[in-house]
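To convert, note that position 193 of the sequence shown is 193 in full-length UniProt numbering; the numbers rise steadily by one, no gaps. For reference, the structure discussed in these notes is given below.
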Amino acid sequence: MRESDEESKFAQLRMLAEKMLHEQDNFIAKQPDNEHIKQLIHELHVHQIELEIQNEELMRSRMEAEQSRNEYALLYESAPIGYFTLDQYGIILKANHMGSSLSGRRLSSLIKKPFRSLLTFDSGKNFYTFIQQVFETTEKQFCEVGLTHKTGKVSEVRLEGWQIKDTNNTVQCLLGVIDLTERKSMERETMQLKLTQQQELMNAILNAQEQERIRIGESLHNGLAQVLYAAKLNLQVLHSLLDTSKQKEVAKALNTVDNFLVEGIELTRSISHDLVPTVIKDFGLEYALNAVCSKVSSPDLTVTLDYRGFNQRLEQNLEMAIFRIVQELINNILKHSRARMALVKITRNGTDIFIQVKDNGIGFEVEREMANGKGIGLSSIQNRVVLLSGTVNVHSQPNQGTQISILLPEKSIKKVTVS
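Below is the structure:
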């Protein structure tokens, strides 16, 4: 279109020059003044040179425009990313070879095809918002969508679009399509590596915690408990050697000390048992949790266990982790809830394990307690659950009880042996 306009302008200039020359020739023919004729001829020559210069400039501008257009076309066609030219409705007006390769379709079949038809169903809304923004603003727009190959394979791509104008000054969208599939794959691999490292750290932490509990438990059982028991035996010997005159007073004092020692021995055994719950290893998680619920139940509080969906035992470390979580949740109920009833529900659905502990106690405002850093002992539970790649949901209101729900994906727990 521009070439024809330039040719038309050149023809008009040519006609104007010829007309002027003709008029001046007629005028010269009527004039007898030779000097005036010479002046007119000189002006004509000058005007002719001006026209020649203008013509050369027009030709040079046209050649530059053609060169620029050819360079643009070369860049467009050979670019290492996909390019599409779209109208305001998202219809493909033009595409380059990389665009054809990304879509798996021939260039001829892409023309006049809606670009939306190349995308996954879920990408439609994002694309329509994107194309609308391109035509509403002169700034470059971005979005990420799924591009469907002719074979059915889906690539993750980034769209970059901005306004351009064609030779008729019509606004169009120049769309760049960048394949992110490989980069996204590398990001997922990196994330999986981080998760694996976190999992290994989690196993090391849990293993170290259990080892420390075993060490402390054995020290209590084999050290302190034996010392207390030996002291009790010696008190019994002293009791048999009492002088009859003061036997009653001394016996009463010895009995008091003896009772304290018995209580200390029982407390030591209880702490040792809690630190090293061998009942899990010997009889399983359900038996151990039933024992805990029975132990803490009293006339003031009834704790019930609902354990279902487990056709076989879990890996030992996972059983131990669940036991510790439930143990801490029950301790929170005893310390804070003032509840009369509590339910511990543990179910298995496929590879996921759900833990739910609820009570009918005084409850609390979750956001305020967590913001104040109190969390009524929930922080340690949350840390343990995070190490197990799980999630925690706390629901509570004042005077409406508390319900804590935990999801543990069993498949994320690596098997390690506690030695």
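Ideal Cβ placement from N, Cα and C applies to all residues, glycine included. Fair warning: this is a prediction, and the values are worked out from it, not measured in the lab.
Quiz item: With distances taken between CB atoms, is the gap from leucine 408 to leucine 378 smaller than 8 Å?
Solution: no
Self-check item: glutamine 197 to arginine 348 span [Cα, whole Å]
Solution: 26 Å
Practice problem: Out of Gln133, Val385, Gly350 and Gln403, state which residue places its alpha-carbon closest to the alpha-carbon of serine 337. | Solution: Gln403
Practice problem: Could you pull the start and end residues of the beta strand (DSSP E) that threonine 347 belongs to? | Solution: 341-349
Quiz prompt | serine 155 beta carbon less than 8 Å from that of aspartate 122 | solution = no
Practice problem: Answer yes or no: do glutamate 160 and phenylalanine 135 have a C-beta to C-beta separation smaller than 8 Å? | Solution: no
Quiz item: Which term fits glutamate 52, buried or exposed, when burial requires 16 or more other beta carbons within 10 angstroms of its beta carbon?
Solution: exposed
Exercise. Just tell me which of Leu147, Ser101, Asn126 and Gln400 has its CA closest to the CA of glutamate 118.
Key: With the sequence shown as reference, residue 118 is identified as leucine, and glutamate is not the correct amino acid for it. Leucine 118 has its Cα closest to that of Leu147, out of Leu147, Ser101, Asn126 and Gln400.
Quiz item: threonine 302 to asparagine 255, Cα distance in whole Å?
Solution: 34 Å
Quiz item: Hey, how far is the Cα of valine 292 from the Cα of glutamine 356?
Solution: 16 Å
Practice problem: Alpha carbon to alpha carbon, how far is lysine 94 from leucine 110? Give it in angstroms, no decimals. | Solution: 8 Å
Exercise. Check whether the segment 353-367 touches the segment 313-328, counting contact only when three or more Cβ pairs, one atom from each stretch, lie closer than 8 Å.
Key: yes
Quiz item: Can you give, in chain order, each stretch of the beta strand (DSSP E) that sits fully within the segment 40-123 and has at least 3 residues?
Solution: 82-86 and 92-95
Self-check item: Local Cβ density within 10 Å of phenylalanine 260, reported as buried at 16 or more and exposed below that
Solution: exposed
Quiz prompt | serine 419 versus methionine 186 - alpha carbon distance | solution = Model confidence at serine 419 stands at a pLDDT of 28, short of 50, so the residue's coordinates are unreliable; what they give is reported in the following sentence. Serine 419 and methionine 186: Cα-Cα distance of roughly 36 Å.
Practice problem: Measure the CB-CB distance between glycine 284 and arginine 308 and report whether it falls below 8 Å. | Solution: no
Exercise. Give the range of the alpha helix (DSSP H) segment to which glutamate 139 is assigned.
Key: Premise fails: glutamate 139 is in no alpha helix (DSSP H) and is neither H nor E.
Quiz prompt | Top-ranked residue by Cα proximity to asparagine 360, from Glu328, Ile41, Gln397 and Gln382 | solution = Gln397
Quiz item: Is the CB-CB distance between tyrosine 83 and glycine 99 below 8 Å?
Solution: yes
Exercise. Check asparagine 168 in the structure and name its three-state DSSP category.
Key: coil
Self-check item: Anticipated Cβ contact below 8 Å, valine 177 with leucine 58, distance rounded
Solution: About 38 Å separates the two Cβ atoms, so there is no contact after all.
Quiz prompt | Pairwise C-alpha distance: leucine 305 and asparagine 290 | solution = 6 Å
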